[in-house]
Amino acid sequence: MRNWPKTLLPASYRGVSFQVSEEGLADSGRRVAVHEFVKAEDHATEDMGRKVRRWKVSAYVAGDTADTDALALVEACSTDGVGTLILPFSGSLQVRCTECSTTGSKDQLGTIKIEMSFVEAGGTSTVQATAIGDRIAASSLATLPALISSALSAFGQ
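So this is what it looks like as structure tokens:
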């Protein structure tokens, strides 16, 4: 029989430790486009690849330093870039923190609850996003001198 408590990893994000009440994969599966057709009794589906995985974590810090521990975790969640999240059940993950909120209660002094959401870091994209606005502005600026010259010459005649 498995000894569950001995197999659970200590939780941390960017090296800041915390206790976990609940953790779970909040979103996974496939991205599917559903195509519905006018006046048809049928539809089509199109597989668009794996969904980005997201985790929800209900955590807490407790003890005499709970307030400073909670602030350290909030700072870790607010730091730019990818960080290592270690969860008891899910293990080590490369993620970005998307949400972090804290709750304290006078009924549980010395304990601060923390709700966090994470998204998997992903790799570097092979898709090059082009800012269309920048291209339009650059094109307009390139033709601007000729337009001004043309407009001024019309008044000069």
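Note that full-length UniProt numbering numbers the sequence shown so that position 95 is 95, with each residue one more than the last. Every residue gets a Cβ at the ideal spot worked out from N, C-alpha and C, and that includes glycine.
Cα-Cα, which of the options is closest to residue i?
{"i": "Asp80", "options": "Ser149, Leu152 and Glu99", "result": "Glu99"}
{"i": "Gly104", "options": "Ala33, Arg31 and Gly63", "result": "Gly63"}
{"i": "Glu115", "options": "Leu144, Gly123 and Val74", "result": "Val74"}
{"i": "Ala72", "options": "Ser153, Glu46 and Ser17", "result": "Ser17"}
{"i": "Val32", "options": "Ala44, Ala154, Gly110 and Asp69", "result": "Ala44"}
{"i": "Gln108", "options": "Tyr13, Val61, Ala142 and Ser150", "result": "Val61"}
Ends of the beta strand (DSSP E) at residue i?
{"i": "Val57", "result": "Arg54 to Ala62"}
{"i": "Ser21", "result": "Val16 to Asp27"}
{"i": "Lys51", "result": "Per DSSP, Lys51 belongs to no beta strand (DSSP E) and is neither H nor E."}
{"i": "Lys113", "result": "Thr111 to Glu120"}
Can you say whether residue i is buried or exposed, counting buried as having 16 or more other CB atoms within 10 angstroms of its CB?
{"i": "Ala76", "result": "buried"}
{"i": "Ile136", "result": "exposed"}
{"i": "Asp27", "result": "exposed"}
{"i": "Ile148", "result": "exposed"}
{"i": "Val20", "result": "buried"}
{"i": "Ala146", "result": "exposed"}
{"i": "Val34", "result": "exposed"}
Pop quiz: residue i and residue j are said to be a contact at Cβ under 8 Å. What is the actual Cβ separation, rounded to whole angstroms?
{"i": "Ala40", "j": "Ile112", "result": "Not quite, the Cβ-Cβ distance comes to about 55 Å (not below 8 Å), so this is no contact."}
{"i": "Leu9", "j": "Gly91", "result": "6 Å"}
If we count Cβ pairs, one from each stretch, closer than 8 Å, do we get three or more for the region 53-60 versus the region 83-102?
These segments touch.
Any 3 or more C-beta pairs closer than 8 Å across the region 129-143 and the region 79-89:
Flag = no, the region 129-143 and the region 79-89 do not touch.
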